[in-house]
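In my numbering, the protein residues as written are 100 to 247. We treat Cβ as the ideally placed atom computed from N, Cα and C, and that holds for glycine. All of these numbers come straight from a predicted model, not from anything done at the bench.
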Amino acid sequence: MNQPRTLLTLALVCLPLALAHAPAQAQRDPTRPPDASGLNAPPAGTATAAANAPAASGTAAGMPEAAQPGQHLMVINGKPYVVERGWLRGVGDKLGDARIERITAQEIWLRDANGLRKLPLYPQISLTPSTALKTSKTSPSAKKETTP
């Protein structure tokens with residue numbers, strides 16, 4: 100009668116230990132974009148993660164990584180700054196191999212060995228001037244109400 104109880108206790112102790120060594124399925128990383136099959140790429144450290152990693156030498160826009168601004172603009176005490184990898188870069192600072200000449204609300208002007216070039220901060224957005232509203236020649240206060 101004591102032997103079945105001992106076997107049950109031994110099984111209950113060994114079961115969690117056996118399950119702890121079972122291979123775990125890789126968890127999906129919600130911060131990564133989906134790959135071509137609709138599932139996320141394997142987590143870092145696996146054999147195929149290095150093959151799926153983007154090249155560090157360039158970006159999708161075809162410009163060198165150092166030439167890509169952080170796409171963020173900050174104005175501190177009236178001076179504009181571009182945020183690049185968490186660092187504030189102002190006029191006169193270097194952004195990669197180029198020096199920042201001017202920062203506007205929509206673009207950064209850089210001077211490098213090839214000359215002056217313009218990098219748009221938000222290339223997907225195009226600004227178009229609004230059409231002016233037609234105003235009447237008489238002001239609303241000048242109108243007199245007439246009763247029939």
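| Item | Value |
| --- | --- |
| Tell me the DSSP secondary structure of residue 174 in three-state form. | strand |
| In the DSSP assignment, find the unbroken alpha helix (DSSP H) run with residue 114 in it and report its ends. | 101-119 |
| Who pairs with residue 215 in a beta bridge, going by DSSP? | 210 |
| State the DSSP-derived secondary structure class of residue 224, mapped to helix, strand or coil. | coil |
| Check whether the Cβ atoms of residue 211 and residue 192 lie closer than 7 Å to each other. | no |
| Out of curiosity, what's the CA-to-CA distance linking residue 172 and residue 224? | 15 Å |
| Where residue 218 and residue 206 are concerned, what is the direct C-alpha to C-alpha distance, given to the nearest angstrom? | 5 Å |
| Rounded to the nearest angstrom, what separates residue 221 and residue 181 at their Cα positions? | 12 Å |
| For residue 111, count neighbouring Cβ atoms within 10 angstroms of its own Cβ and tell me buried if that reaches 16, exposed if not. | exposed |
| Below 7 Å between beta carbons: does that hold for residue 202 and residue 179? | yes |
| Measuring only the C-alpha atoms, how far is residue 109 from residue 116? | 11 Å |
| Under the rule that 16 or more other beta-carbon atoms within 10 Å means buried, what is residue 114, buried or exposed? | exposed |
| For residue 43 versus residue 226, is the C-beta spacing smaller than 7 Å? | The requested residue 43 is not part of the displayed model; the chain covers only 100 to 247. |
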